[in-house]
Amino acid sequence: MTAPARRPRVLLSVATSVDGYIDTAGPERLLLSGEEDFDRVDAERAGCDAILVGAGTLRRDDPRLLVRSPERRAARLAAGLPEHPAKVVLTTSGDLDPAARFFTTGPAERLVYCPGRAVPGVSARLGDVAIVVDAGDPPDPARVLADLAERGVRRLMVEGGGAMHTLFLTAGLVDEIRLVVAPL
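Residues in the sequence shown are numbered from 6 upward in steps of one, following the numbering used here.
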């Protein structure tokens, strides 16, 4: 399936337990992937221009969203690409910690999409650690994709969490799904 030219191709990546869970209700992160899947995700990241997560995932998991493999980073640089894909977070509240690893690790562009009414406050809170962009009110994934396309993003990986997966799927904006099912 080919994404329309006005938006990036969207890859949704998710790991689920065999009984259908992507996380627990508890405070601990549910690890559903082993080294083989971590390597697969790293390869997918290296092939994307941007990686998107929701604010809940950013707050709960504190992800770095970087390409781990030195060889893959070198290949990106040799192809004239940044070492790491851009990092993207979509938030309705703007309640983000500028000390999170998303903002403090790796030389990647950082984009925060939030409702227009929240842009001034989020910009003030985050300072120069990210570019804050009006995503509409409520945030509109099609608007986010249009802005990303204008920034040169051709392939976007939506890593999670469940709310972001649902948002992009119900909007009909997913071109490809990579689903890994882990045993209990």
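We treat Cβ as the ideally placed atom computed from N, Cα and C, and that holds for glycine.
Given the structure is predicted, the values throughout are model-derived calculations rather than measurements.
Where does residue i land, buried or exposed, given buried means 16+ other C-beta within 10 angstroms?
{"i": "Pro75", "result": "exposed"}
{"i": "Ile56", "result": "buried"}
{"i": "Ala60", "result": "buried"}
{"i": "Pro103", "result": "exposed"}
{"i": "Asp133", "result": "exposed"}
{"i": "Glu164", "result": "buried"}
{"i": "Glu49", "result": "buried"}
{"i": "Arg122", "result": "exposed"}
{"i": "Leu184", "result": "exposed"}
{"i": "Ala51", "result": "buried"}
{"i": "Pro68", "result": "buried"}
Under a CB-based cut-off of 9 Å, is residue i close to chain B?
{"i": "Pro144", "result": "The displayed structure is made up of one protein chain only, and chain B is not part of it."}
Looking at the secondary structure, which residues open and close the alpha helix (DSSP H) in which residue i lies?
{"i": "Ala151", "result": "146-155"}
{"i": "Leu174", "result": "167-175"}
{"i": "Gly59", "result": "Element bounds for Gly59: not the alpha helix (DSSP H) but the beta strand (DSSP E), 55-59."}
{"i": "Leu82", "result": "75-83"}
{"i": "Ala1", "result": "Nothing can be reported for residue 1, as the shown portion of the chain is limited to 6 through 189."}
If distances are taken between C-alpha atoms only, which option among the options comes closest to residue i?
{"i": "Thr96", "options": "Pro87, Tyr118, Thr109, Ala104", "result": "Tyr118"}
{"i": "Leu64", "options": "Val94, Pro146, Ala154", "result": "In the sequence as presented, Leu is not what sits at residue 64; that position holds Arg. Comparing Cα-Cα distances from Arg64 to each of Val94, Pro146, Ala154, the minimum goes to Val94."}
{"i": "Ile182", "options": "Leu16, Arg12, Arg11", "result": "Leu16"}
{"i": "Asp2", "options": "Cys53, Gly166, Leu116, Asp139", "result": "Residue 2 is absent from the structure shown; the chain starts at 6 and stops at 189."}
{"i": "Ala135", "options": "His170, Pro143, Gly99", "result": "Gly99"}
{"i": "Leu161", "options": "Ala84, Leu101, Ala91, Pro125", "result": "Ala91"}
{"i": "Pro143", "options": "Gly52, Arg14, Leu172", "result": "Leu172"}
{"i": "Leu116", "options": "Leu150, Val137, Pro125", "result": "Val137"}
{"i": "Cys53", "options": "Val179, Arg122, Arg81, Leu174", "result": "Arg81"}
{"i": "Glu88", "options": "Leu174, Asp47, Leu178", "result": "Asp47"}
{"i": "Leu62", "options": "Leu184, Gly177, Met169", "result": "Reading the sequence as shown, one finds Thr at residue 62 and not Leu. It is Met169 whose Cα lies nearest to the Cα of Thr62."}
{"i": "Ala176", "options": "Thr109, Pro146, Arg69", "result": "Pro146"}
List the endpoints of the continuous beta strand (DSSP E) containing residue i.
{"i": "Val93", "result": "91-95"}
Compute the beta-carbon to beta-carbon distance between residue i and residue j, rounded to the nearest angstrom, for a pair I have assumed lies under 8 Å.
{"i": "Leu71", "j": "Gly111", "result": "4 Å"}
{"i": "Arg12", "j": "Ala151", "result": "6 Å"}
Exercise for the section: Run through the region 107-146 for me and flag every whole beta strand (DSSP E) of 3 or more residues, listed as ranges in chain order. Expected result: Segments of the beta strand (DSSP E) lying fully in the region 107-146: 115-119, 136-139.
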